[in-house]
Structure formats: structure tokens, C-alpha cells
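The block underneath contains the structure these notes are about, expressed in C-alpha cells.
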Amino acid sequence: MDQIKRIADCIVTIAECPLKPIIHQVCYVVQYKSNIEDLQTRVDKLNSLTGRVQHSVDKGERTNEKAEDDVKKWIENVGKVIEKANKFSEEANEFVEEEHQANKKCLHGFCANLKPRHQLGRKSTKIKEEVVKLHTEGEKYTTQAVSYPPPLQETWNTSTTSEAFQSRSSIVDRIIKDLAKPDINIIGVYGLGGVGKTTLVKQVSDLVQQKHFFDEVAMATVSENPDPKRIQGEIADKLDLKFQQETTAGRALNLKERTRNKKILIILDDIWTKLDLEVVGLEPIGGCKILATSRTREALSETGTRNEFKLEVLHERESWILFEKKAGDVVKDPTIKNIAVEVAKRCSGLPVLIISVASSLRSKKKYSWEDALESLKKIGRNEMQKKSYSILEWSYNQLRDNEAKSFFLLCAMVAVRNEVSLKDLLIYSFGLGILRNMDTLEKARNRLYSLVDYLKDSCLLLDGDDDQYPKIHDIVRDAALWIVRKEHQVLSVTSGSELKEWPEKDLLEHCPMIYFGFHSTFHAGLPAKLQCPKLKLFILVNNDDEPLEVPENFFEEMKELKVLDLTDFGNLLLPPSFVSLTNLQTLCLVSCAFADDDDVLGKIGELRGLQILSLARSNVGKLCKEIGQLTCLRLLDLSHCFKLKVIPPNVLSNLSRLEELNMERSFKNWEVEGVTDERRINASVSELKHLSQLTTLNVSVENADALPTNLFSDKLERFQINVGGEDVLRDYLDNETSKKLRLKLTRSDQLDQSVKMLIRKSESLSLDLVEGVSNCIPQLDSEGFPQLKLLEFQNHASEMKHIVESINCTHSAFPSLESLVLFNVSSVESICYPQLGTDPFGKLRTIRAHWCSGLKNLLPLSMVNCFLKLQEMELSHCDILEKVFVAEKEKGDEIFIRQDMDPTEFCQLQFLTLRNLPQFIGFSSIGGRVDEIHNNSAPLFNRKLKFPKSLEELKMEGLDRITSIWPDYDSKLIKLSATYKQLNSCRNLRIIRVDGCGSLKYVFPASAARGLEQLVELNVTNCRSIKEIIAKEEGDDDADEIIKFVFPKVKKLRLRYLPQLGNFYPGMHTSKWPSLTSMEINKWFIPQVGKLGSDRRGVFV
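Quick note on the working numbering: the sequence shown kicks off at 1 and runs consecutively.
In C-alpha cells form, the structure reads like this:
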């Protein structure tokens, strides 16, 4: 009766309305299903149109064009409308399902709910109107340009200047035109040091890659003394080439084979003399071409260039633009601008000089500008190189004090291939006393870092690839060496130079520093006696294979010597005159082979005032007892002394002023505690307790039982300590100031307060935990781990179930942690569980778990938002791992499904590797379909945890329960927005490798496959259920439409052991692979291989 009453009420309501509106409203109710289906059809057409427009936009972007504003706005509006359609479709799908279930219980479906039908029909019509409008607007973009080329100056951006200069852009244009000519394979650019050659060829590199003129670009620095192996290595790194041979000739063959007939541009920067390309293995034929730079045209032509372009200095206007940018707003001051213009002119158009001078004057007062101009006016009109040196000398003179000046000149002297080792700078500058009033190495190191930053700010040093190796521009270094030779009569023989005979006696008598660097040639031999009474620093690298003998009286006239560095000396014997070096502060005998350990080290022990001693990488086997006499020693470096087996008792403990002890990969034969003095032949670890000033310690104690209680001091600021293992941690934070600790303890009492203090201070921590630790917090540290950046648990079988478990945690347990590694940890079931009150991992970027037999899931679903900054995830050989995220209320078959959860995406995830996870069913069951949740298989991602757009590499191996990578959409209504979303979901994907995924049905849905613009490699093997690589979707049923797939960057395609594979795509289609260089499709293990590219359905191009 109630149902009849509702119908009667509806009829009465309709009767009260005019006829036309009545019909309109009735149609909403009667035709609601057809309206929804019509909406789907319209959305599918809009998706297809959007895809074509997006492809046109993408094509323009690949040639550095910019999309028109109205096109971008239209695409944005399409996204919003389809998002609205998606939400509507979910509502409609839910209603249809509910009505279907209700009708089963009612006679002839008489339980129809008219009001929701009316609402759905009306809403679908309104959305359809928006879709139709957008489709009409978008049709014009298929016949007109959707993007435009930007102004030329926006193309030539560099790291030195963000301005586009005509003098540069015209040369870039000409170089690119020549690169396109089939008969020109080697092109050169030459010009004065500091004029911008390297910057220009990097511009060329960026542009040819943007425009896809070359498939690959590799760059190597040649420098003054070419090292073919190093050049080969730099090129191979860029080309991802692994050499099969070790000899230079063998590597050359590998490199030649790798580049032959490939579209590869090789950039050879900074050629000084003729470079034999054959020796390196470069054969510029076919598509392989070479772009080289040099200071001289002669070096280029001898190397074999066909065309050479001279890069001149900047024009006056260009110079001013760059100068103004680097000097800042101060040049806008009317009282300074005219002076600034004159100063800029004096920089001769050299970018390196302009940047240096302008940066020195940034924010300075008028009188500083006037003084600078007067100084620059005094520079004579000599040839350009000398003028540039003079201008750089002015920048040098502007340094704040003699400490900074001396430090800068020392940087230039000891630089190797334009890189400066801060470790070497510290021991040299401390020994020379350059760092004023520094009475500890800790203070000296802090001052050194401050000076490096100051010189970078003065544009005299540059950032390097490694924080511990800043760089110096070659023209800045040349100018610094010119200054130091002119002012201080220093003898410096740098890389590529040679010394045929020693200078006159008068020069040597006033010489304060002598430096024979790496790759220098030394033909003069060592004189019987080097008469240098004012010599403070002597560095000699023996670059000859033959041993260099030191004469008996060689050191007799060097009474003021403070720093002595002899590197790569074989069969070394220190002469009797060595003990006369009573003022020596720093002694480095690096990579030396001692003829007699006791003789060499015994003489060193006579230098009671010595503060720094480095025997790194030398062949010393026994540290004699005389070393214990060096009671002033602050730093002892025994790193990589692999033959060091004996350190007599009490030698180390006598070094009471020692601040730094480095024994990395060196001595390990520590005596176990309790051995009597009569039986001891080696030092015990407890001797380190006597070193109360120690701030830096690098040591390995393989036998944890040799570890005394409370060994470590809280004064330690840098440490690399290994207890119970072979090596300290995997190289992750390899820098001078890192704090690394690896513990493999045998008893719980070894986890004493000093060890816990180290754990608290560690930046890298690897733990083989002892029995009895069930919760990392608070049993290791109740306050958390504030400095920890890398945490590794390995080989652990105690009762610890979770890394973080305490629900009472009021602070972030790992606020700085960037990487978490679990290796062979059988007890851990999840990382943290139950839900914590705070985010324990604020900065986590990497998670790795390998061979963890007890791991069921990684994290609770309630914490998913705490891990959205993940960049890399690698999970392998975890036998019972089912999900990454698990809902807290999932218990057996009772599953708590939070379908109201907002969709989540790991928007920074770039690398995902999943290997040999037999029970793995995806990132989470939340958001999956009910049948997927209860069955034994599921998609990798679903509607709630979406495929990350940022992903670059996806590697899947041995995942038997994964049916698809993207979510399966089993309802047409849900499918309304899937195409649009998936079209953009994998635009950054570069590599996908799928192996041994037995339930996987396909690799990509069609919509996702249309967006694979960056894909380089597609490798699918050993998947027994795959029937097609690209799956058909709803809306792709038009028999007359030919679907087009384009894979512009794919180079490698591999399809093997796919017994069910019948089609690449099960509909009419074409596929284009313009960059394909390697294709393997195994016909013996793909029975229907002929259908992939030869039948009426698909065409490979």
C-alpha cells in the first residue's frame, strides 16, 4: 500500500504541472539508464578528443614549444568535468546495485525508487551538457596549432648566466646546423679560458636532447694530461656501459661497439693537446658525433675537427647585463651606476671575470667601487690572458685577510684536475699554521669550512660533485698560480708540466713552497742537498714507475719545513737527515712501500713535535713502539693499511693528545680483554679510553668480546665504528662529517651506556640486535633517534615484532630518517603498529626489505599520509608479505573496508621494485572490489591507492597473485573518468620489467599505454596468463576506429615465455617505435607470436 501511495502522490504532483515540463520530468525517471549510458558515450568521445589534443601539446613540448593558454585552460576544465562525472558514476553504480538487489525481493521490480531515479537522470543530463560543450570547444584544437615556439632567449639558459646573448645563441644555432649535416662528425669550440665554452656546449647538449636530435649525450673532461681510461669511464657512465675488458685497448673496443651507428653526441671538454680518438675508442661515423672544446684552435684541428667556432668575449651590452645581475640592486644607485659601467668594461667581456668582480662588489659602498675602478685602470693593455690574470688578482686582493688569501693560494696549488680535497687542505693548512689561532683540529675544520664557503661566495671556488671536493675554475687556478709565483717565488709543477732541472740557488733560497703534483713529469731527480732554508711545504708525488731514492743529506737545509708529503714512493728509506726536520708538523707518506718498517717508523718517532701523521694506503705491517713517543700527535691516519697486523701494547694509549684516529680497513687484531701483559703482542681496544681528546674515530673491532665497557666518549663528533662485523655499513652517507655505526653484539650487557650514546648520535646505523630487544624504542633510546638518516636491521631473530611499537610515543622517533633497510630479519611483522600518536618518519625517502620471513605488512593504513614523500621502495623475498598498508581492523575474514577514504597517491615515488613475494596482493585492499579482497589475487594499485604519476622505474618479479598493475574497472559507470586519469598516470615511466607474474592478465590498459612518452624499456617475461600487452577498455569497441599507439623513446622491447599471449592489443591498431634498437620476441615460447604484428589487428612501425 505504501508503494501505491508513493506512485499516486507522484501522479498528483505531475498533474499539477504544465504538460511540457511534466514530460521533461518524467523522462528523467523513465530514461535515467539511457541518460547515464549516453553520458558515458559522450565522456568516452571527450576522452579520445582530449588524448589527441594532449598528444599535440606533448609533441610541441618535445620541441620546446609552449601550450596556448586557452588550450591549457580547456584541458584543465575537461579534468574537472570528468572528475565530476566519475563521482556521479560511483553514485549511480551504487544505486543500480542496490536497486538490483531490492528488485530480487519484489514482484516484477515493483520496488522502483522514483525519486533517486529522477535525481540521477537529471544530474546525468546536466553533466552531459557540460561534456558536449567542452567537446564542441575542443574540436577546433584538432585543426589549429595548440602550442607556439618561445622566444629564442628563453632557450639558452645556463648555470653561469640566465641571460640569452646573441653572441652565444648564434654560435649554438650554427653548431646545431653542422651537427645535422651527414658529412660533419667532429665540431670544435675554442676560446680563452673563462669565456664560457663549457657553458655553451652544455646549452647545445640540453637543446639537442629536448629536440630529440640525438638519442644519448655523454660528456667527459679531457684536461691538460689526458687519461684515456678516465675519459672512457666518464663516457661509459653516461651511456650506462659496463666494460667487459680492463685494458685501455679492450675498453676502447667496447666503447666503439657501443657508439657505432648510434645517434649519440659525445662532448669532449677542455682539450689541451691532440687527443687520439682511436685510443679512447671514439669513432664518429654514422649517427655518432663529437663536439669538443679547447683554448686553442690548433688542439682541435689536430684532434680532427672539421669545423671550429671561436667563442669571443661578451659584447659590451651583454657584459653589462651579466654584471648588473651579479652585482645586484646596488648598481641602480645613480651615484654608483656610472662607476659600475666602467668597472664592467674593465672585465674584458670574460664571464668568469665579470661574475668574480661583480660578486666582490655586491652591496659595497661607493668608495669601494671607486677604489676598484682605480685599481683596474692601472692594469696595462697587455695580451688578454695576462689581463684576465690581473683582474683576478684584483679579486684576490679584495679577500678579507691574509688567512683567506693564503688559503686560496694553497687551494690552487694542491688542486687535482680542478678539484680540491678538503681532507688534504686541512692537514696542510693546519701544519703551515694558515688557520690562525686554531689549537684543535675540530676548530681548524670549522674554520676551513667557513673559508671554503667564503671563497665560493667570492666566486673563486665552485661547488663540486662531492661536498668534500669543491672545484676551482681553470683560469682562476692559473691566475692564482701566477700570483703565488710572482709574490712568493713558489716552485709549482702542476699536471701536464715537467721539471727538467732545478732552479738557480738564489730562487731556492727564498722559496717557501715546492709542489710536484699528480701527472707532472719529474726528470731532474733529487739533488744531494736541497738548499731551501725558508721552505715550509714540500709535496712530491712520484709519477714514475721506478723508485725514487732520497739522498742522505737531502733534508739537511730544510730546518723550517712544516709540511712534508711524499706520495707513491716505492722501497722508501728515510735518510739520516730526515731527523733534522724538528719543526715538521705534518708528515704524509701516502701509498708508499717501506723498505724497512722499523727504520722508517723509528726515524718518524724521533720527530717529537709532529702533530699530523698519515701512512694511508702504505704497506706498513708493524707500527713500531717508537711511534708512541709522538706525544704531540693530533691526527694518525692508518686507513687502508691492509698489511698492518701488529700494534705493540701501549703505543696508542701514549698518544694522549690524539684528536683523530683513522683505521678504516686497516688493523683488526685487537687483543681480547683479560690477556696478561706478558702474553700480549697487540694493542687492546681499551687503550682508546686513554685518548681523552678524541673527536674522530674510524675503527673496526671484529670480535665483540674484545669490547670493554663504556669505551666511547661523548666527545666523538665524527665516527665510523664497526663492532662484530667485517665492514662498516653500506656506503650511503659517504662524507667527512658522517657518523656511522654498525653493531653485531653477542651479549645484551655489551649494549652499555657509551654504545647507546653512539646510537643516539649516529647518522647511519646498522644493527644486528642482541636477544631481548623487543621494541627499538624505548629499549635502545627512549628519546628516539634525532640525527639518524639511515637505519638498517639485519640478521636479526629476536622477539622484536615492530621497529616502533609504543603507542605512548609523544615525539617523532625518527625525525631525520631518510632510508630504512630490513635484511634477513625474521621476527619483524611490520615497521610500526599499532597506530602512533605522532609521525615517526618525517623525512623517509627509501624503504628496503629483503629476506624478511615474518613480515606480513609494512605499515598501518592510518599512517599512509606519513609516507607520501617516499621516493624508492624495494621489497624482495618476503614469503608472507601480503600488503604494504593494512587496515587496523583487518582480522581474518572480518575486513574493515574504508571506502570513504580519500584517494591517495605517492606523488614522489620514482623507483618501485617488488621481487619474489608469493603472497603479495597489492599496496592495500582498501579501495579494492569485494571479490578481490576475498579472492587470492588483486591489482597492484586500486582506486584509493593510485598508481603514482612520478614513477620512473617499475620492476615486478615473482608476484603470483597480482592480476593487473592498474585497477580493473568492471562497471561502465565507474569507467567514466578512468581513461582521462590513466592517460596521465604513467607519463614519467621509463622502465618496466615484469617477470614471473603468473596471474597478470595484461600490462597496460589502453588509456595508460597512450601516455608512455618517456618509456625506454619494456620487458615482459615468464607470465603464463598474459593474453595481451595492452588491454581493451570500455569505449574502445568501435570496429572502424584504428587505435594508434606511439612509443617515441622505447629502445628495448623484450617479450619472452608468454604462452597465452595472442595480441599486442586485441583491437584494430597501429604502433610506432621510432627509437627501437633492440627487440626480442621469442616465438618458441609465444605460440601465437604471429598475431603481434602481422595480422589484420595490429601493425608495427
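Glycine residues also receive a C-beta, built at the ideal position from the N, C-alpha and C atoms. Treat the numbers as computed from the prediction; the structure is a model and nothing was measured.
In the DSSP annotation of this structure, the continuous segment of the beta strand (DSSP E) that includes GLN720 starts and ends at 718-723. Here CYS832 carries a strand assignment [DSSP, helix/strand/coil]. Boundaries for GLU872: no alpha helix (DSSP H) harbours it, while the beta strand (DSSP E) harbouring it runs 872-876, taken from the DSSP string. Of the residues assessed, GLY609 falls on the exposed side of the cut-off, its CB having fewer than 16 other CB atoms within 10 angstroms.
With a threshold of 16 other beta carbon atoms within 10 Å, ASP439 falls short and is exposed. In terms of Cβ geometry, LEU914 and PHE920 form a close pair [threshold 8 Å]. In the DSSP secondary-structure assignment, ASN662 is bridged to ASP637 and ASN698. Taking the CA atoms as reference points, TRP74 sits about 15 Å from ASP58. A Cβ-Cβ contact shorter than 8 Å links ARG665 with SER639. Put simply, the backbone Cα of TYR396 is about 19 Å away from that of MET513.
Taking 8 Å as the cut-off, the Cβ atoms of PHE408 and ALA358 do not count as close. Residue environment: HIS510 is assigned as exposed (fewer than 16 neighbouring CB atoms within 10 Å of its CB, all protein chains considered). The straight-line gap separating the alpha-carbon atoms of ASN662 and THR696 is approximately 8 Å. For ILE962 against CYS986, the beta-carbon gap comes to about 16 Å, at or over 8 Å, which does not count as contact.
Judged by DSSP in its simplified three-state form, PRO939 adopts strand. Counted as a single uninterrupted DSSP element, the alpha helix (DSSP H) harbouring LYS256 occupies residues 248-259. Excluding five sequence positions before and after PRO1066, the CB atoms of its chain that fall closer than 6 Å to its own CB belong to GLU1028 and LYS1032, given in chain order. In the three-state reduction of the DSSP assignment, MET1079 falls in the strand class, which pools E and B.
The DSSP-derived three-state label of ILE475 is helix.
With fewer than 16 other CB atoms across the displayed protein chains lying within 10 angstroms of its CB, LYS365 is exposed. The shortest CA-to-CA distance from PRO649 to any of LEU636, ASP637 and VAL672 is the one to VAL672. Looking from the CA of THR198, the closest CA among THR143, LYS625, LEU291 and ASN254 belongs to LEU291.
Under the three-state reduction of DSSP, CYS411 is assigned to helix. The beta carbon of VAL579 lies closer than 8 Å to those of LYS603, GLU606 and LEU607 in the same chain, with the five residues before and after it left out. Inter-residue distance for VAL222 and TRP320 is about 32 Å (C-alpha atoms, whole angstroms). Assignment of GLN232 by DSSP, reduced to helix, strand and coil, places it in the helix class.
Around the C-beta of PRO470, 16 or more other C-beta atoms lie within 10 Å, and the residue is accordingly described as buried. The beta carbon of ILE880 is closer than 8 Å to those of SER853, GLY854, LEU855, LYS856 and GLN919 in its chain, skipping five residues each way along the sequence.
The secondary-structure analysis by DSSP pairs LYS1072 across a beta bridge with VAL1046. Nearest in C-alpha terms to VAL804, of all of SER830, ASP506, LEU530 and VAL825, is SER830. Taking the C-beta atoms as reference points, THR259 is found nearer than 8 Å to CYS288. When DSSP states are grouped into helix, strand and coil, ASN185 belongs to the coil group. Where ALA299 is concerned, there is no enclosing beta strand (DSSP E), although the alpha helix (DSSP H) around it starts and stops at 297-303.
For the 8 Å CB-CB criterion, SER388 and LEU361 do not form a contact.
For HIS212, the secondary structure class from DSSP, reduced to helix, strand or coil, is coil. Distances from the alpha-carbon of SER169 to those of LEU499, GLN203 and SER356 put GLN203 closest.
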